[in-house]
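Counting with numbering that gives the first Met the number 0, you get residues 0 to 52 for the letters of the sequence shown.
Just so it is clear, CB atoms sit at the ideal spot from N, CA and C, and this is done for glycine as well.
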Amino acid sequence: MTTSSRHWTVERGTDGRLRKTEVFRFDSADLKTPLQEAVLGAGWTWRGALFKL
Numbered sequence: 000m001t002t003s004s005r006h007w008t009v010e011r012g013t014d015g016r017l018r019k020t021e022v023f024r025f026d027s028a029d030l031k032t033p034l035q036e037a038v039l040g041a042g043w044t045w046r047g048a049l050f051k052l
């Protein structure tokens, strides 16, 4: 399961028009590869997990 989150702000530009700017982004898929490399580099075994809610 992948979790992602994004946050924007809406503000007026120098031309007076509204614009939306992304200020924060998080995607759990971005963490998978670095975590796998750390686990495997330490000599452990990587096993995918399935969560049921």
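**Residue closest to D17, alpha-carbon to alpha-carbon, out of R24, T2, T8** = Position 18 of the sequence shown, counted from the first residue, corresponds to residue 17. Checking the sequence, you will find Leu at residue 17 rather than Asp. It is T8 whose Cα lies nearest to the Cα of L17.
**Prompt:** Is R11 near the ligand ATP, with its Cβ less than 7 Å from a heavy atom?
**Reply:** No copy of the ligand ATP appears in this structure; indeed no ligand is present at all.
**Request:** Please name the residue or residues paired with T8 in a DSSP beta bridge.
**Result:** On the sequence shown, residue 8 is found 9 positions in, with the first residue counted as 1. Answer by DSSP bridge pairing, in chain order: T20.
**Asked** If we ignore side chains and look at the alpha-carbon of each, how far apart do G15 and W43 end up?
**Response** In the sequence shown, residue 15 corresponds to position 16, counting from 1. In the sequence shown, residue 43 corresponds to position 44, counting from 1. Each residue's alpha carbon lies about 56 Å from the other.
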